[in-house]
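So the structure is just underneath, and the comments pick up after that.
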Ligand SMILES: Nc1nc2c(ncn2[C@@H]2O[C@H](COP(=O)(O)OP(=O)(O)OP(=O)(O)O)[C@@H](O)[C@H]2O)c(=O)[nH]1
Ligand SMILES: [Mg+2]
C-alpha cells in the first residue's frame with residue numbers, strides 16, 4: 001500500500017474548540033484548553049503516526065483583529081497554517097455566524113485544497129438549530145465537507161478522522177515516525193502554567209502573562225523544573241502572587257499535578273514571578289518567547 005502524509009491545519013474563531021479537537025484527534029493533551037478566548041498563542045503540531053500514514057495536525061490561535069504585536073504574531077501563525085495545509089479544517093460553533101477577518105474567510109472559500117467544515121459543540125444545541133446551521137454553512141462555504149461534531153464528547157470525531165485519511169495526499173512522512181509534536185518539554189511546562197493562570201485570574205491578567213522555563217532537569221525518579229511567570233507591571237505581580245502567596249501556590253500545585261501526568265514522572269516545580277515591561281509589544285521579547293523567528 002502507498003503511504004499517505006500531510007498537514008491538516010485547524011483554524012477558526014477564538015474559543016470554538018480547535019484545541020479540544022486537536023487533542024481528541026491526537027489522543028494526547030498537547031494543547032491547553034480553557035473557557036477564555038485566545039488560550040492558544042502558538043501553532044502547535046500534533047502528529048499521528050501509523051504504518052500507512054502520518055497526519056500532521058496543527059492547532060492555531062483563534063482568528064482576531066490584532067491589537068498589539070503579540071496578536072500580530074499569533075495571526076502570522078494562522079497565515080502560515082493556510083500556506084502549507086493539505087487539508088484545512090475550518091471550525092465553527094453552533095452559536096456563531098462568521099469569521100471577523102474577511103481576508104481569511106475569502107482564503108477558505110477560495111481554497112484549492114479540501115476544506116472540512118466542522119460545526120462544533122453540537123451537544124449544546126437542538127436538532128432544529130443544528131439543521132438550520134448545516135444549511136447555513138453549506139451555502140456559505142460551498143467547497144467544504146460539513147460535519148457536525150462535539151469535540152468535547154468526541155461525538156463524530158471518528159468520521160472526521162476517516163475523512164482526513166481519505167483526503168490525505170500520497171507522500172512519504174515529514175517527521176520521524178515516533179515524533180508526536182514539534183514543541184519541547186519546556187514549551188509544555190510553560191503552557192500548563194499559563195493554562196492555570198487563564199483559569200484562575202480575571203480580566204487582563206492572563207493576557208499580560210508569559211511563562212519561561214529556565215531549567216528542566218530530568219533525573220531517574222523526578223523532574224526538577226524552574227519556571228518564571230512574567231507580567232507587564234508591578235501591580236500584576238502582586239495579583240499573581242496573591243495574599244501570602246496563596247494564589248501562586250494554587251497555580252503551582254495544579255500545574256505540577258498535571259505535569260506529573262503528562263510526563264508520567266514525579267515533578268518538582270519551582271515558580272517565580274518577574275516583571276518584563278510591555279513584553280507583548282517588544283520585538284526582542286517576542287522572539288525570545290518563540291512568537292517570531
Ligand atoms: N459544550 C462543548 N464545549 C466545548 C466543545 N469543544 C470545546 N468546548 C469548550 O469550549 C472552550 C474552548 O475550547 P478550546 O479547545 O480551548 O477552544 P479554541 O478554539 O482552541 O480556543 P482558542 O485557543 O482561544 O482560540 C472550552 O471551555 C472547551 O471545553 C464541545 O464540543 N462542546
Ligand atoms: Mg486553542
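In full-length UniProt numbering, the protein residues as written are 1 to 293. For each residue, glycine too, the CB sits at the ideal point set by N, CA and C. Values in this document were obtained by computation on a predicted structure and should not be read as measured data.
Considering just the uninterrupted stretch of the alpha helix (DSSP H) at residue i, what are its terminal residues?
i           : result
residue 19  : 18-26
residue 127 : 127-140
residue 187 : 185-200
residue 75  : 69-84
residue 100 : Here residue 100 belongs to no alpha helix (DSSP H), and DSSP marks it neither H nor E.
Which same chain residues end up closer than 6 Å to residue i when comparing Cβ atoms and leaving out the 5 residues on each side of it in sequence?
i           : result
residue 190 : 211, 213
residue 41  : 61, 74
residue 170 : 2, 4
residue 182 : 45
Can we count residue i as close to ligand 2, meaning its CB is less than 7 Å from some heavy atom?
i           : result
residue 184 : no
residue 18  : yes
residue 40  : yes
residue 31  : yes
residue 84  : no
residue 59  : yes
Quick one: is residue i buried, meaning 16 or more other Cβ sit within 10 Å of its Cβ, or exposed?
i           : result
residue 1   : exposed
residue 285 : buried
residue 255 : buried
residue 6   : buried
residue 236 : buried
residue 85  : buried
residue 148 : buried
residue 275 : exposed
residue 192 : buried
residue 195 : buried
residue 278 : exposed
residue 261 : exposed
residue 20  : buried
residue 206 : buried
residue 220 : exposed
residue 138 : exposed
residue 55  : buried
residue 217 : exposed
Taking only heavy atoms of ligand 1 into account, decide whether any of them is closer than 7 Å to the Cβ of residue i.
i           : result
residue 261 : no
residue 66  : no
residue 206 : no
residue 49  : no
residue 35  : yes
residue 121 : yes
residue 14  : yes
residue 62  : yes
residue 150 : yes
With a cut-off of 8 Å, does the C-beta of residue i fall near any C-beta of chain D?
i           : result
residue 148 : No chain D appears in the structure shown, which is made up of a single protein chain.
Going along the chain, which residues of its own chain have a beta-carbon closer than 8 Å to the beta-carbon of residue i, five neighbours each way excluded?
i           : result
residue 130 : 94, 119, 122, 148
residue 107 : 82
residue 32  : 19, 39, 40, 191, 192, 194, 195, 198
Over what stretch of residues does the beta strand (DSSP E) that includes residue i continue unbroken?
i           : result
residue 216 : 210-218
residue 88  : 87-93
residue 164 : Unbroken run through residue 164 is the alpha helix (DSSP H), 157-167; no beta strand (DSSP E).
residue 10  : 4-12
residue 116 : 115-120
residue 174 : Per DSSP, residue 174 belongs to no beta strand (DSSP E) and is neither H nor E.
residue 144 : 144-148
Beta-carbon within less than 7 Å of residue i's beta-carbon, same chain only, minus the 5 sequence neighbours each way: which residues are those?
i          : result
residue 72 : 66
- [ ] Could you pull out every unbroken beta strand (DSSP E) segment of at least 3 residues lying fully inside the stretch 227-292, listed in chain order?
- [x] 266-275
Task: Uninterrupted beta strand (DSSP E) stretches inside the stretch 37-65 (no shorter than 3 residues) - done: 44-49, 53-59
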